[in-house]
Amino acid sequence: MQKLPQHFLFAILLSLPMAGQTQAPAAPTHSDPTYLTTLQQWRTHRASSLSQPDGWFSLVALEWLKPGDTTIGSAPGNTLHLEHAPARLATFHLDGATVKLVAPSGGFPTGTTLDNKPLQKSTEAPISFDDNHPSELRSGGLLLIVIQRGDRLYLRVKDAASPTRLAFHGLQWFSPDPQYRITARWIPSTTPTTLTVPNVLGQISHEPSPGMAEFTLNGQTIRLYPIVEDEQTLFFIFRDTTSKTSTYGAGRFLYATLPSNGIDHPGTIVLDFNKAQNPPCAYTSYATCPLPPQQNRLPIPILAGERRYHD
């Protein structure tokens, strides 16, 4: 699976327990001021991160790059029209699996940068679409990067003056509930386990899962299967019955630190659903979110974490 871009990793890091914690702590109570304060700080940081000039609320376009030229600008005749761009900003040229940036007729507009370096009038430059270090084309409040999803390349555009960002009205949350900070059993996979993960573009990926988290809630045994996000983080994509009424319909994300004895050995893992969060697609139609695999579609409500952004 394509990893989340770095500008989203800040929200992931905030969702994790403190570094160095190896054993699952006891669940906090409603009167635990330290937990409640930390949770509120995390929620505040999440809202701030999402609404930054280059946060998820700034997305304004997602353009599938086809072989040849994709021209960008505000003038008529461009492949991708951007209201706040110069008349002719740039051309992205796709040849096989290679993308390069080409100056438009007349050269790059003054102030245009690639990876924070001013572009010369006649510059041509290779474009990286590595998720961790993509090339960044900037002009005014615009940020353009190329991303790969499946076998396709897309141009992602962010605009600090995005109407969605300017209309940001905060996030909605369930009240903190300690019963949803769960110390689950970690059961490692004894044979290779693969999750079939669709995304909103209609693509399918097959992702290895190292095991499952098992817990009891409302009298039912629940199992959730993660993907390894990085060497310290597990990524759960899940859906529960609140998606029909009060949470985002396609599901939510949850991040957790590794189990107490690592992913290869039985142990415990803390799942804090008070930090369950909406995927970017809950706020914009220009994101490319993964959807819950069949194994993580739960038959119970999880009345915790982030609620729907749009009523």
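Position one of the sequence shown corresponds to residue 358 (the working numbering), numbered consecutively onward.
We put the CB at the ideal spot given by N, CA and C, even for glycine.
Computed from a predicted model, the values in this text were never measured in an experiment.
For the beta strand (DSSP E) containing residue i, name the first residue and the last one.
| i | result |
| --- | --- |
| R506 | L499 to R506 |
| Y392 | No beta strand (DSSP E) holds Y392; the alpha helix (DSSP H) holding it covers P390 to L407. |
| P483 | E481 to I484 |
| G430 | G425 to G430 |
| I626 | G624 to D629 |
| R419 | With the sequence shown as reference, residue 419 is identified as Leu, and Arg is not the correct amino acid for it. Per DSSP, L419 belongs to the beta strand (DSSP E) from L416 to W421. |
| R513 | R509 to D516 |
| T455 | T455 to V459 |
| H450 | A447 to D452 |
| F465 | Here F465 belongs to no beta strand (DSSP E), and DSSP marks it neither H nor E. |
| T614 | R609 to T614 |
| S496 | L494 to S496 |
Within 10 Å of its beta-carbon, does residue i have 16 or more other beta-carbons around it, so buried, or fewer, so exposed?
| i | result |
| --- | --- |
| C633 | As written in the sequence, residue 633 is Ala, which differs from the Cys given in the question. Result: buried. |
| I657 | exposed |
| K474 | exposed |
| R509 | exposed |
| A432 | exposed |
| A383 | With a pLDDT of 47 at A383, under the threshold of 50, the predicted position of this residue should be treated as unreliable, and no value is reported. |
| D587 | exposed |
| P491 | buried |
| T599 | buried |
| N653 | buried |
For residue i, collect the residues of the same chain with a Cβ closer than 7 Å to its Cβ; drop the 5 residues on either side in sequence, then sort them by chain order.
| i | result |
| --- | --- |
| R664 | Q529, W530, F531, S603 and T604 |
| G498 | P410, H441, D516, A517 and A518 |
| T625 | A381, T540, A541, R542, W543, P616 and S617 |
| D487 | none |
| G568 | W543, I544, P545, S546 and I620 |
| S496 | A442, P443, L446, P466, G468 and T469 |
| K457 | H450, E481, A482, P483 and I484 |
| H438 | S431 |
| F595 | L581, G608, R609, L611, P649, N653 and L655 |
Take residue i and list the residues in its own chain whose beta-carbon comes closer than 8 Å to its own, dropping the five residues that flank it on each side.
| i | result |
| --- | --- |
| G662 | W530, F531, Y537, T604, R609, L611, F630, N631, K632, A633 and Q634 |
| T436 | E420, D426, T427, T428 and I429 |
| H414 | Rather than His, the amino acid found at residue 414 in this sequence is Phe. Around F414: L407, S408, S519, T521, R522, F525, Y640 and T641. |
| D389 | P535 |
| A644 | W413, L416, L419, V557, P636, P637 and C638 |
Cutting at 6 Å between CB atoms, please list the residues of its own chain near residue i, excluding the five before and the five after it.
| i | result |
| --- | --- |
| P555 | I561 and L648 |
| T590 | Y612 |
| G507 | Q560 |
| R542 | E571 |
| P424 | L451 |
| V514 | V417, A418 and L501 |
Tell me, please, whether the CB atom of residue i is closer than 8 Å to any CB atom in chain B?
| i | result |
| --- | --- |
| T604 | Among the chains of the structure shown, chain B does not appear; only one protein chain is present. |
Which complete alpha helix (DSSP H) runs does the segment 523 to 607 hold, if anything under 4 residues is left out? none
State whether the segment 412 to 422 contacts the segment 465 to 483, with contact taken as three or more CB pairs (one from each stretch) at a distance under 8 Å. no
Tell me, please, whether the segment 437 to 452 touches the segment 542 to 551 by the rule of three or more beta-carbon pairs shorter than 8 Å. no
At least three beta-carbon pairs within less than 8 Å, the segment 494 to 513 to the segment 389 to 400: no
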